[in-house]
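Sequence order for the protein chains is A and B.
Numbers given in the numbering used here equal positions in the first sequence, counted from 1, plus 1248.
Numbers given in the numbering used here equal positions in the second sequence, counted from 1, plus 215.
Idealized CB from N, CA, C, for every residue including glycine.
Read the structure below first, then the notes.
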Amino acid sequence: TLLGFIGTDLPISASALQNILSSAVNRSFNCISVDGDMSTNDTIYMLASGAVDTDLITESSELFPVVKAQVTEMAQKLAQLVVRDGEGSTKFVTVHVKRALNFADAKVIAQTISNSSLVKCALYGQDANWGRILCAIGYAQLGDCASLDESTLNVSFVGVGDSEGAELNLIVDGVPNVNIDEAKAAAMLADTDLKIVVDLGTGTKECNFWTCDLSHEYISINADYRS
Amino acid sequence: QRAASVASKYDRYVPSNGVFPLGFKVGSIATGVKKNGQLDLGVILSTHEREGGPTAAAVFTTNKFKAAPVVTSKARLAKCEGHGISAIVINSGCANAVTGEVGLQNAKKVVQLAERQLGKKDTTLLMSTGVIGQHLSMDKIERGLDALLSDSSAFGNDFNSWLSLSKAMMTTDTFPKLISSQYTLPGGTTYTLTGVSKGAGMICPNMA
Chain A
1249 TLLGFIGTDL
1259 PISASALQNI
1269 LSSAVNRSFN
1279 CISVDGDMST
1289 NDTIYMLASG
1299 AVDTDLITES
1309 SELFPVVKAQ
1319 VTEMAQKLAQ
1329 LVVRDGEGST
1339 KFVTVHVKRA
1349 LNFADAKVIA
1359 QTISNSSLVK
1369 CALYGQDANW
1379 GRILCAIGYA
1389 QLGDCASLDE
1399 STLNVSFVGV
1409 GDSEGAELNL
1419 IVDGVPNVNI
1429 DEAKAAAMLA
1439 DTDLKIVVDL
1449 GTGTKECNFW
1459 TCDLSHEYIS
1469 INADYRS
Chain B
216 QRAASVASKY
226 DRYVPSNGVF
236 PLGFKVGSIA
246 TGVKKNGQLD
256 LGVILSTHER
266 EGGPTAAAVF
276 TTNKFKAAPV
286 VTSKARLAKC
296 EGHGISAIVI
306 NSGCANAVTG
316 EVGLQNAKKV
326 VQLAERQLGK
336 KDTTLLMSTG
346 VIGQHLSMDK
356 IERGLDALLS
366 DSSAFGNDFN
376 SWLSLSKAMM
386 TTDTFPKLIS
396 SQYTLPGGTT
406 YTLTGVSKGA
416 GMICPNMA
């Protein structure tokens, strides 16, 4: 279960606060997965005490977009901490789906990759198994396949942290790269942080989704949680 | 190896200080629901008196079988339209989910207990997390809530109070999740955002 609370001392109208929170959650807490299970209790609250002496912020205020962006940034950091603490996790993975026709398609594809047990096992095993990523893209529950065009599909691993700047092109314009530099892949996958970039090449929308690997530890924790 | 990994996560992701928004006080207590005396009940109070009171917003699970605290709080927020909420009660160790009518009554009882102590009405929201399918230990919750709300020194707006609150929400988490930032808006107004979260398993939210 995910629980969260964000507090601020700005005066913000009730409808503007709901707008800010809903928008921030859609780009943060609703873009994470540890195990693909949705709890019966997930809840995020936001309270604005209004203790700072300034004009009430409403949706028409000039400051509204500035505050919305700052709340979104904080929500993303809080959501990422949940993934970093994923039960038994050893990897923190950003799945960045870009150049999609719309955000919804980008998110469905990113979430499908993030919830694939086989992708998560490969990440735990530090195996550059791009076939499983492609397979997940192929079964993503998209309304239609307008965002998908094999000839413009590119998938790559991008290094983060210690491997910053390293890039491994796994699929180039729909053609698998069979000459993967395995040593480079091993070095990147040995890091805690990794980014999987899926470039659909069919539009301009994108989604960042955060997930972790699936380890033996996860099963140990959950095999007898009720007790 | 696991202990080392947990220790390094704590070092890397848990702050050692912070800035906290004006108009809030938070407190937490161990009621005995969680084993070995861990903190398992937290309360967030909005203390700034302003006309119309603080404003509130929420997103909840879209799981069809919503837990009792979700059903109760959704109804509260719908009724007050985001106005006048001044307390949030958070318990961990028991999710009060899939608990039927008894679960709903227990959730309402927790609200009543809090509002009786606070001298308020219809101003409280709930969050619960933990084992699904078991009822709240109402004797422990009632004793803990009374003890916490009757001791004003248990509440603060400092780093340790907020860190303890984030620990009181944890279940299988290995470290508390607390972030705070101060911002200066165009025009010079400085304001503060503070956030706490919890979660480590059963995580694939789609809240609305």
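Task: Beta-carbon contacts of A1359(A) that lie in its chain and below 7 Å, excluding the five residues immediately before and after - done: The count along the first sequence starts at 1 and reaches residue 1359(A) at position 111. The sequence given here places Gln at residue 1359(A); Ala does not occur at that position. Excluding sequence neighbours, Q1359(A) sits near S1281, F1457.
- [ ] Please name the residue or residues paired with D1441(A) in a DSSP beta bridge.
- [x] As a first step, residue 1441(A) is located in the first sequence; it is residue number 193 there, counting from the start. DSSP output for D1441(A) lists F1340(A) as bridge partner(s).
- [ ] Using a cut-off of 9 Å between C-beta atoms, extract the partners of V285(B) located in chain A.
- [x] In the second sequence, residue 285(B) corresponds to position 70, counting from 1. Per Cβ cutoff of 9 Å: T1288, N1289, D1290, T1291.
Task: S1475(A) (DSSP reduced to helix, strand or coil) - done: One-based indexing of the first sequence puts residue 1475(A) at position 227. Per-residue confidence for S1475(A) stands at a pLDDT of 48, beneath the threshold of 50, marking its modelled position as unreliable; the derived number appears in the next sentence. Correct three-state label for S1475(A): coil.
Task: Span separating the alpha-carbon of K1316(A) from that of N421(B) - done: If you number the first sequence from 1, residue 1316(A) lands on position 68. If you number the second sequence from 1, residue 421(B) lands on position 206. Roughly 20 Å between the two C-alpha positions.
Task: Proximity test, Cβ basis, 9 Å: K1325(A) and chain B - done: The residue labelled residue 1325(A) in the question sits at position 77 within the first sequence. It does; some Cβ of chain B falls within 9 Å.
Open item on the list: Counting only beta-carbon separations shorter than 9 Å, does F1351(A) have a partner in chain B?
Closed with: By 1-based counting over the first sequence, the position of residue 1351(A) is 103. No, because no Cβ of chain B sits closer than 9 Å to the Cβ of F1351(A).
TODO: Please decide whether F374(B) counts as near chain A, where near means a Cβ-Cβ distance under 9 Å.
DONE: By one-based count along the second sequence, residue 374(B) stands at place 159. Not one chain A Cβ lies under 9 Å of F374(B).
Task: Limits of the unbroken alpha helix (DSSP H) element including S396(B) - done: Numbered from its first residue, the second sequence carries residue 396(B) at position 181. Premise fails: S396(B) lies in the beta strand (DSSP E), 392-399, not in any alpha helix (DSSP H).
Open item on the list: Counting C-beta neighbours from all protein chains within 10 Å, is the total for S1475(A) 16 or more, i.e. buried, or is it exposed?
Closed with: Counted from its first residue, the first sequence places residue 1475(A) at position 227. Low confidence applies to S1475(A): its pLDDT is 48, below 50, so where it sits in the model is not reliable, and the reading given next is rough at best. Exposed: under 16 other Cβ atoms inside 10 Å.
Task: the region 1392-1402 of chain A in contact with the region 1310-1329 of chain A per 3-pair CB rule at 8 Å - done: no
Open item on the list: By DSSP's criteria, I305(B) is part of a beta bridge. Which residues make up the other side?
Closed with: In the second sequence, counting from the first residue as 1, residue 305(B) sits at position 90. In the DSSP output, where bridge partners are listed per residue, I305(B) has G257(B), M342(B).
- [ ] State yes or no: is the C-beta of T276(B) within less than 9 Å of the C-beta of A282(B)?
- [x] Within the second sequence, the letter at position 61 stands for residue 276(B). Within the second sequence, the letter at position 67 stands for residue 282(B). Against a cut-off of 9 Å, the Cβ pair of A282(B) and T276(B) comes out as a contact.
Task: Same chain, Cβ closer than 6 Å to L1349(A), neighbours up to 5 away in sequence not counted - done: As a position in the first sequence, residue 1349(A) is number 101, starting the count at 1. Same-chain partners within the cutoff: A1394, S1395, T1450, G1451.
Task: Members of the region 385-403 of chain B that neighbour chain A once the beta carbon cut-off is set at 8 Å - done: T386, T387, D388, T389, F390, K392, I394, S396, Y398, L400, P401, G402
Open item on the list: Alpha carbons only, please: which of A271(B), R331(B), T387(B), V411(B) is nearest the one belonging to V241(B)?
Closed with: Within the second sequence, the letter at position 26 stands for residue 241(B). Nearest option by C-alpha distance: V411(B).
Open item on the list: Can you check whether the C-beta of M342(B) is within less than 9 Å of a C-beta belonging to chain A?
Closed with: By 1-based counting over the second sequence, the position of residue 342(B) is 127. Answer yes: the Cβ-Cβ gap between M342(B) and chain A drops below 9 Å somewhere.
- [ ] Check the DSSP bridge columns for T409(B) and list the partner residues they point to.
- [x] By 1-based counting over the second sequence, the position of residue 409(B) is 194. DSSP output for T409(B) lists G1255(A), S395(B) as bridge partner(s).
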